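Residue numbers (my numbering), protein chains in the order written: chain E, 1 to 330; chain U, 331 to 660.
Even glycine gets a Cβ: it sits at the ideal position worked out from N, Cα and C.
If you're wondering where the values come from, they're calculated on a predicted model, not measured in any experiment.
Notes to accompany the following structure.
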DNA sequence: TTGTAGGCGTTATCAG
DNA sequence: CTGATAACGCCTACAA
């Protein structure tokens with residue numbers, strides 16, 4: 001089979017018996033076209049299998065219709081990013097945008113590259129650090145940008161992130177309501193992390209914690225958590241368990257498998273996926289959802305707003321985590 | 331701060347005191363440039379912060395320098411794709427290529443879209459089905475393409491995939507060598523799946539299985555596997571356990587946590603990540619690696635080969651799984 | 001409601 | 001070794 005050249009709007013115009021510009025106007029909708037003409041054009045497009053050339057369109061209009069997505073270079077076991085990538089990509093398509101992946105290790109230079117070459121009209125930055133060099137590059141370029149994750153300083157970019165303080169409050173309230181006298185937190189909870197998720201979470205926890213609830217932070221290693229709890233002084237009520245780490249949640253569960261069903265414990269899940277539906281000992285535990293798909297959708301919508309309104313103010317949107325419903329999203 | 335227009339090669343030329351075409355030649359290396367001129371051009375580029383305009387370049391050269399990556403729309407818990415996305419992206423950059431994400435739900439129409447618009451020069455298809463409509467679209471377009479996963483029929487596209495038959499053989503050999511008289515397989519092992527990974531794996535298993543090794547397939551649900559084993563007739567030797575499902579491996583482990591340390595069992599891991607390094611009951615079990623990063627790198631290299639050599643033959647590369655070393659890649 | 005024409009920033013073919 | 005110049009395919013004033 002011969003690889004024939006792709007048809008151009010010129011070809012479409014010829015076949016439809018109109019001028020090339022009319023084809024262009026029909027496609028962009030930048031001016032009214034008579035019903036009859038439009039039909040002939042559509043027909044010609046179908047017949048030729050015409051697709052507007054993206055390079056030419058980008059060159060002329062100075063908009064590529066592509067948004068860059070800077071993904072974290074993964075740590076072991078980080079399943080985290082993929083749901084974002086897919087949801088962002090799908091939502092972007094609804095606005096006729098495509099998504100180009102750039103890895104975080106390209107850093108600020110990567111930002112300058114994709115904006116400098118005109119490859120991308122806008123950027124979504126994932127897993128932003130407290131003080132992220134990429135934000136400076138974005139601001140300098142005046143590029144529409146949404147960051148997933150909240151930097152410490154007020155950024156030039158819009159922010160879409162989970163409300164981690166609220167997450168802390170929700171965990172505390174549930175634990176207390178279920179008669180727990182101790183809340184054992186595990187997972188990556190270093191205050192001095194490059195990101196501020198955990199410190200925001202812990203702030204929420206401590207602000208909401210009533211006098212009757214003792215809050216304890218376990219050391220990070222899954223293998224050690226169970227032993228750590230056994231060394232604690234005995235408590236009168238139940239113990240609630242929560243871990244701020246989706247990637248490792250199952251490992252922790254694995255390390256504490258006997259505690260999952262012990263009535264003296266309240267295990268609170270942290271995942272968008274209902275592990276119970278997959279059949280495990282984790283069945284029927286209460287679960288808070290990080291709403292990765294919702295965050296993704298909001299991020300794209302915010303980016304579209306920034307793209308459409310020339311000088312829109314940047315915004316910060318903190319999404320509340322939700323308790324999983326019985327008919328959860330699975 | 332004013333958002334000044336991006337500098338063009340014209341600006342660079344002026345500043346360097348050469349013609350615009352010379353700048354282009356210096357950049358593409360399409361013809362020799364004197365050392366002196368080249369230096370002045372480089373300097374001008376630095377000073378202006380010049381990046382060649384991607385739209386113009388694509389329009390003129392008919393090559394976008396972008397490869398499309400069609401990612402699976404995820405099932406619950408599928409952490410699988412992300413390591414591929416990152417590794418492919420990183421390897422692509424080494425060849426000055428960028429990666430555009432397209433979701434599998436766009437199907438063959440998505441293929442036609444990205445190739446028709448000239449957005450992508452080539453494609454990598456992930457999780458290809460036994461008989462995948464996207465391959466027809468690719469063949470029709472004569473597009474350089476690598477599929478991760480092996481279709482049943484001989485494809486037009488190159489194939490890079492794991493050698494699942496060999497995987498089956500390796501599991502069997504290890505089980506037998508360690509004195510097992512039974513091999514219990516679990517995870518998604520439906521013969522009639524849309525993909526053929528499991529049937530290739532099972533073929534390898536059955537071809538290699540010696541008379542002294544009984545092969546048993548457990549039903550899919552993690553919660554049921556342990557109970558299933560207990561219902562089996564007792565066996566004289568040890569039982570080897572292997573599950574062809576990275577996403578669910580930990581769930582199965584969770585469901586069979588007591589068997590992990592039982593000397594009557596040989597649990598064989600299936601993951602690129604050393605769970606032992608994270609501190610769990612899974613410590614110190616033998617482990618086979620799906621080599622996601624290696625597969626990704628090979629896929630990109632093969633695509634580059636197809637892009638460089640005008641009419642290169644497509645190839646099939648089946649990568650052998652490997653036993654994790656003590657100093658594993660983690 | 002439609003047509004004409006100029007130019008977006010490159011690459012690559014001519015000359016020199 | 002280097003300069004001028006003609007496309008590449010589309011968008012969008014300007015004209016009719």
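From residue i to residue j, what distance separates their C-alpha atoms?
i, j, result
"residue 303 of chain E", "residue 625 of chain U", "34 Å"
"residue 589 of chain U", "residue 654 of chain U", "21 Å"
"residue 361 of chain U", "residue 475 of chain U", "30 Å"
"residue 395 of chain U", "residue 164 of chain E", "40 Å"
"residue 205 of chain E", "residue 266 of chain E", "16 Å"
"residue 97 of chain E", "residue 179 of chain E", "49 Å"
"residue 43 of chain E", "residue 13 of chain E", "11 Å"
"residue 657 of chain U", "residue 621 of chain U", "At residue 657 of chain U the pLDDT is 44, less than 50, meaning the model places this residue with poor confidence; the figure from the coordinates comes in the next sentence. Each residue's alpha carbon lies about 15 Å from the other."
"residue 252 of chain E", "residue 217 of chain E", "14 Å"
"residue 473 of chain U", "residue 137 of chain E", "36 Å"
"residue 506 of chain U", "residue 81 of chain E", "39 Å"
"residue 544 of chain U", "residue 598 of chain U", "16 Å"
"residue 105 of chain E", "residue 338 of chain U", "27 Å"
"residue 202 of chain E", "residue 154 of chain E", "21 Å"
"residue 191 of chain E", "residue 245 of chain E", "14 Å"
Can you pull the DSSP bridge partners for residue i?
i, result
"residue 70 of chain E", "E:102 and E:125"
"residue 242 of chain E", "E:185 and E:268"
"residue 647 of chain U", "U:490"
"residue 358 of chain U", "Bridge partners of residue 358 of chain U: none, in fact."
"residue 288 of chain E", "E:270 and E:323"
"residue 475 of chain U", "U:453"
"residue 323 of chain U", "Nothing can be reported for residue 323 of chain U: it is not among the residues displayed for chain U, which extend from 331 to 660."
Assuming contact is defined by CB atoms lying nearer than 8 Å, are residue i and residue j in contact in what I supplied?
i, j, result
"residue 369 of chain E", "residue 263 of chain E", "The structure shown does not extend to residue 369 of chain E, since chain E is modelled only from 1 to 330, so the question has no answer here."
"residue 187 of chain E", "residue 248 of chain E", "yes"
"residue 91 of chain E", "residue 273 of chain E", "no"
"residue 443 of chain U", "residue 471 of chain U", "no"
"residue 636 of chain U", "residue 452 of chain U", "yes"
"residue 419 of chain U", "residue 317 of chain E", "no"
"residue 108 of chain E", "residue 127 of chain E", "no"
"residue 482 of chain U", "residue 460 of chain U", "yes"
"residue 501 of chain U", "residue 572 of chain U", "yes"
"residue 512 of chain U", "residue 591 of chain U", "no"
"residue 514 of chain U", "residue 569 of chain U", "yes"
"residue 401 of chain U", "residue 71 of chain E", "no"
"residue 312 of chain E", "residue 83 of chain E", "no"
"residue 147 of chain E", "residue 125 of chain E", "yes"
"residue 385 of chain U", "residue 55 of chain E", "yes"
"residue 6 of chain E", "residue 446 of chain U", "yes"
Apart from the five residues on each side of it in sequence, which residues of its chain come closer than 8 Å, Cβ to Cβ, to residue i?
i, result
"residue 367 of chain U", "346, 348, 352 and 356"
"residue 118 of chain E", "58, 62 and 64"
"residue 208 of chain E", "168, 169, 172 and 173"
In its own chain, which residues sit with a C-beta less than 6 Å from the C-beta of residue i, not counting the 5 before and 5 after it?
i, result
"residue 331 of chain U", "Because residue 331 of chain U carries a pLDDT of 49, less than 50, the predicted location of this residue cannot be relied on, and the following value inherits that uncertainty. Cβ neighbours of residue 331 of chain U beyond the five flanking positions: none."
"residue 68 of chain E", "100, 102, 114, 120 and 123"
"residue 226 of chain E", "255 and 256"
"residue 139 of chain E", "156"
Going by beta carbon distance, what residues of the same chain come within less than 7 Å of residue i, once the five residues before and after it are set aside?
i, result
"residue 553 of chain U", "585"
"residue 526 of chain U", "460, 480 and 482"
"residue 354 of chain U", "339"
"residue 45 of chain E", "12"
Q. When Cβ atoms are compared, which residues of the segment 581 to 604 of chain U fall closer than 7 Å to chain E?
A. 581, 583, 584, 585, 587 and 603
Q.
Short of 8 Å Cβ to Cβ, which residues in the segment 425 to 440 of chain U face chain E?
A. For the segment 425 to 440 of chain U, which is checked against every Cβ of chain E, the residues closer than 8 Å are 428, 429, 430, 431, 432, 433, 435 and 436.
Q: Using a Cβ-Cβ cut-off of less than 9 Å, list which residues of the segment 510 to 531 of chain U approach chain E; keep chain order.
A: none
Q) Which of the residues in the segment 117 to 130 of chain E, read from start to end, lie with their CB under 8 Å from any CB of chain U? A) When C-beta distances to chain U are compared with 8 Å, the residues of the segment 117 to 130 of chain E below that value are 117, 118 and 119, in chain order.
**Q.** Residues from the segment 43 to 60 of chain E in contact with chain U, defined by Cβ distance under 9 Å
**A.** Within the segment 43 to 60 of chain E, the qualifying residues are 49, 50, 51, 52, 53, 54, 55, 56, 57, 58, 59 and 60.
**Q.** Residues, ordered as in the chain, of the segment 413 to 425 of chain U that lie near chain E by beta-carbon distance below 8 Å
**A.** 413, 415, 416, 419, 420 and 423
Q: Could you run through the segment 152 to 165 of chain E and flag, in chain order, every residue whose CB is less than 7 Å away from some CB of chain U?
A: Answer set for the segment 152 to 165 of chain E: empty.
Q | Residues of the segment 336 to 364 of chain U with Cβ closer than 7 Å to any Cβ of chain E, in chain order | A | For the segment 336 to 364 of chain U, which is checked against every Cβ of chain E, the residues closer than 7 Å are 336.
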